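Right, one structure below, let's go through it.
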Amino acid sequence: MLSFDRGIVTSWEAFVGWLRKMNPFVTPLVREHLHAVPQEFLTPVTFKTLLFPPRECLYRYIFRERQWELYPEEFPVEPASLLLAPCEARALFDVLDQIFLEESPGDGYYRRRREQLKIGIVGCTFMEKTCFCTRVGGHPLFHRTEDLFILPFSSGVYLEGLGEGDVEGRPPTTHDQEALRKIVSFLEVQAPPPFPSWLPERLYEHFESATWEEITWSCLNCGACTFFCPTCFCFDLVADGRLKGAMVRTWDSCMFPMFTLHASSHNPRGRKEQRVRQRVLHKFSYFPLRTGKFGCVGCGKCLKVCPVGWNIQEAVERMVHDA
Ligand code: SF4
Ligand code: SF4
């Protein structure tokens with residue numbers, strides 16, 4: 016989990032000094048877990064806005080002399096650094112990168128921004144009540160050897176994956192290692208067990224169950240959960256202008272009745288429980304059956320922002336146990 020031979024320990028002051036040079040974006044979740052990070056670093060509402068803005072022009076068009084002329088939209092992309100929580104990093108690697116880059120040539124808009132983004136993962140030293148990353152294949156200390164990994168602890172900050180010219184420090188002492196192991200043991204006690212491997216198939220078997228109506232009645236279909244979810248990526252394309260205008264991409268949500276409304280006026284997901292079922296099954300059944308990984312990273316953000324406290328984890332458990 017923590018390879019002490021790869022890591023160093025540095026003081027909090029040296030770490031903050033180095034952060035100032037890096038000037039990273041810091042996600043709201045990292046800020047919640049790392050209270051001592053100075054407020055000066057920019058915090059996007061959700062990190063996916065850096066890669067996939069809520070509204071962006073893809074190209075401009077004009078109909079002239081009986082022909083359509085298309086003009087690509089120029090957008091400057093600067094190198095940037097981003098500090099993510101482990102669950103958010105998994106959302107980026109296992110879901111967003113898969114969706115936008117999996118098939119060649121992928122999404123050029125996303126790709127250009129992604130190539131300029133340096134990622135640092137900040138390990139969590141505790142799990143909030145709303146967290147369930149370990150149920151869906153994650154861990155509060157998840158990171159990869161190629162990532163920059165940051166873990167604050169009692170003696171300072173533990174860092175792995177540094178490059179040349181980054182912050183300096185010392186190898187972890189026996190005392191540091193002991194303190195870090197205590198964090199790991201504490202997390203092990205807190206972490207809920209993984210969902211069983213049969214869960215995606217079992218959920219799919221319950222597609223027609225009447226329980227969907229029972230568990231979804233309180234949802235308002237406001238879509239807040241989808242906009243804050245780090246793994247949700249649905250979008251709409253709108254031609255803004257008839258003979259001259261812009262093709263605009265905007266975030267969309269499977270919670271909205273219009274999302275699947277056909278031109279014929281038929282709507283395959285016209286009822287609320289059908290839309291919520293789609294959200295649950297896409298993350299916990301369809302996506303894992305296709306990729307081997309859950310489409311939810313257990314960050315709990317959807318529960319935190321939901322005006323009625325609708326809990327996707329409880330819904331999944333109830334579906335497989337009560338249906
Ligand atoms: S689960 Fe909550 S946040 Fe999501 S659409 Fe329903 S009411 Fe809104
Ligand atoms: S569904 Fe909820 S818990 Fe899962 S990744 Fe999205 S916001 Fe996080």
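Going by this note's numbering, the letters in the sequence shown line up with residues 16 to 338, in that order.
Backbone N, C-alpha and C define an ideal beta-carbon position, used for all residues, glycine too.
As the structure is a computational prediction, the values presented were derived from the model and not from experiment.
Could you tell me which uninterrupted alpha helix (DSSP H) segments, each at least 4 residues in length, are contained entirely in the stretch 22–94, listed from first to last along the chain? Fully contained in the stretch 22–94 are the following alpha helix (DSSP H) runs of length 4 or more, in chain order: 27–37, 43–48, 63–66.
For the putative contact between Ser96 and Pro155, defined by C-beta atoms under 8 angstroms, what is the C-beta separation to the nearest angstrom? Numbered from 1 along the sequence shown, position 81 holds the residue referred to as residue 96. Numbered from 1 along the sequence shown, position 140 holds the residue referred to as residue 155. Not a contact, Cβ separation roughly 21 angstroms.
Are the beta-carbon atoms belonging to Leu66 and Arg159 less than 7 angstroms from one another? On the sequence shown, residue 66 is found 51 positions in, with the first residue counted as 1. On the sequence shown, residue 159 is found 144 positions in, with the first residue counted as 1. Not closer than 7 angstroms, so no.
Would you identify the three-state DSSP class for Leu202, choosing helix, strand or coil? Position 187 of the sequence shown, counted from the first residue, corresponds to residue 202. Judged by DSSP in its simplified three-state form, Leu202 adopts helix.
How would you write the range of the alpha helix (DSSP H) that Asp337 sits in, first residue to last? As a working mapping, residue 337 is identified with position 322 in the sequence shown. Its alpha helix (DSSP H) spans residues 327–337.
What would DSSP say about Lys298, mapped onto helix, strand or coil? Numbered from 1 along the sequence shown, position 283 holds the residue referred to as residue 298. Three-state result, Lys298: helix.
Under the three-state DSSP convention, the category Met142 falls into: Locating residue 142 in the sequence shown gives position 127, where the first residue counts as 1. In the three-state reduction of the DSSP assignment, Met142 falls in the coil class, being assigned neither a helical nor a strand state.
From this set, Val199, Ala100, Thr231, Asp112, which residue's C-alpha is nearest His48's C-alpha? Position 33 of the sequence shown, counted from the first residue, corresponds to residue 48. For His48, the closest alpha carbon among the candidates Val199, Ala100, Thr231, Asp112 is that of Ala100.
Within the present structure, is the beta-carbon of Cys139 separated from the nearest heavy atom of ligand 1 by less than 6 angstroms? Numbered from its first residue, the sequence shown carries residue 139 at position 124. Every heavy atom of ligand 1 is 6 angstroms or more from the Cβ of Cys139, so no.
Work out the CA separation of Thr265 and Leu85 for me, nearest whole Å. Here residue 85 refers to the residue found at position 70 when the sequence shown is read from its first residue. Here residue 265 refers to the residue found at position 250 when the sequence shown is read from its first residue. Between Leu85 and Thr265, the C-alpha separation is close to 19 angstroms.
Where Ala225 falls: helix, strand or coil (DSSP): Position 210 of the sequence shown, counting from 1, holds the residue named residue 225. Coil.
Along the chain, where does the alpha helix (DSSP H) containing Asp112 start, and where does it finish? Locating residue 112 in the sequence shown gives position 97, counting from the first residue. Run containing Asp112: 112–116, per the alpha helix (DSSP H) assignment.
Cutoff 6 angstroms; reference Trp227; Cβ partners in own chain excluding five residues on either side: Taking the first residue of the sequence shown as 1, we reach residue 227 at position 212. Within its own chain, the residues whose Cβ lies closer than 6 angstroms to the Cβ of Trp227, once the five positions on either side in sequence are excluded, are Glu288, Arg292, listed in chain order.
Quick test of the definition: if touching needs 3 or more C-beta pairs under 8 angstroms, does the stretch 163–173 touch the stretch 144–155? No, the stretch 163–173 is not in contact with the stretch 144–155.
Three Cβ pairs or more, each shorter than 8 angstroms: is that satisfied between the stretch 26–36 and the stretch 50–67? Taking 8 angstroms as the limit for Cβ pairs, the verdict is that the stretch 50–67 does touch the stretch 26–36.
Please classify Leu174 as buried or exposed, where buried requires at least 16 neighbouring CB atoms within 10 angstroms. Here residue 174 refers to the residue found at position 159 when the sequence shown is read from its first residue. With 16 or more other Cβ atoms within 10 Å, it is buried.
Three-state class that DSSP yields for Met273 in the structure shown: Counting from one through the sequence shown, the residue named residue 273 turns up at place 258. For Met273, the three-state secondary structure derived from DSSP is helix.
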